[in-house]
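Going letter by letter, the sequence shown gives residues 28 to 194 in the numbering used here.
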Amino acid sequence: MYKLIAIILLLFISTASMGATEDEQAQWMEAAKKINLSEPHSLCKKSVNVVINQDVKLFRKIFAEIPATDEQVKMHLADLHDKYYNKSYLGIDNYRIDEGREFAFKDAKNANNNLVRQSAQMRGHDLEVWVGYRFDTVSPKTNKPRQASGYCKLAYLENQWKVVTLL
């Protein structure tokens with residue numbers, strides 16, 4: 028059971044390109060320009076709805092297959108919803124894709140980025156895309172408006188895009 032929980036948590040890790048050099052980021056951004064990003068953008072917009080509505084059915088449709096029961100997914104989505112609506116933020120408003128802030132990793136299994144490489148080796152994909160997003164919210168600590176950002180991450184699996192990190 029603990030291994031399953033650890034696997035599920037690994038699947039939901041959302042860390043940006045920390046530690047990457049400017050040259051690496053420029054290469055990843057240039058690679059993303061060569062990919063049709065309409066489907067990844069659409070899936071990222073759906074992924075925010077998964078969190079907002081805690082929608083297990085939509086999660087199963089857009090997310091890469093994972094060894095978790097619907098009840099486990101439901102619990103995780105409740106935790107994510109709590110994070111975005113009570114703990115780290117007070118809501119998700121005006122969610123938008125940051126066009127031009129996308130990274131593509133074409134040889135994901137051998138990527139210099141550890142998160143990408145581990146994800147690709149675990150799932151078996153060669154192409155991974157990170158799509159930058161922003162949303163308006165309120166800080167629960169200061170009760171002041173702020174803007175938050177992050178990356179929705181997708182893998183090209185079995186000839187289709189699948190989300191591997193919601194937010």
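The C-beta atom is built at its ideal place from N, Cα and C for all residues, glycine as well.
In this structure the region 120-130 does not touch the region 181-191; the number of beta carbon pairs closer than 8 Å is below three.
Nearest in C-alpha terms to E66, of all of Q54, I89, Q99, I79, is I89. Cα atoms of L194 and V100: separation of roughly 15 Å, rounded to the nearest angstrom. Secondary structure remark: continuous alpha helix (DSSP H) runs of at least 4 residues inside the region 74-98, in chain order: 83-89. For the pair R123 and E51, the Cα-to-Cα distance works out to about 25 Å. Three or more pairs of CB atoms, one per stretch, sit closer than 8 Å, so the region 105-125 contacts the region 63-82. Taking 8 Å as the cut-off, the Cβ atoms of A47 and K133 do not count as close. Looking only at S115, F162, L154, the smallest Cα-Cα distance to T169 is reached by S115. In the displayed model, D106 falls within a helix according to three-state DSSP. With a 10 Å radius around the Cβ and a threshold of 16 neighbouring Cβ atoms, G118 comes out exposed. Short of 6 Å from the beta carbon of L104, and not among the five residues preceding or following it, lie these beta carbons of its own chain, in chain order: Q81. Within its own chain, the residues whose Cβ lies closer than 8 Å to the Cβ of Q174, once the five positions on either side in sequence are excluded, are R161, F162, D163, T164, listed in chain order.
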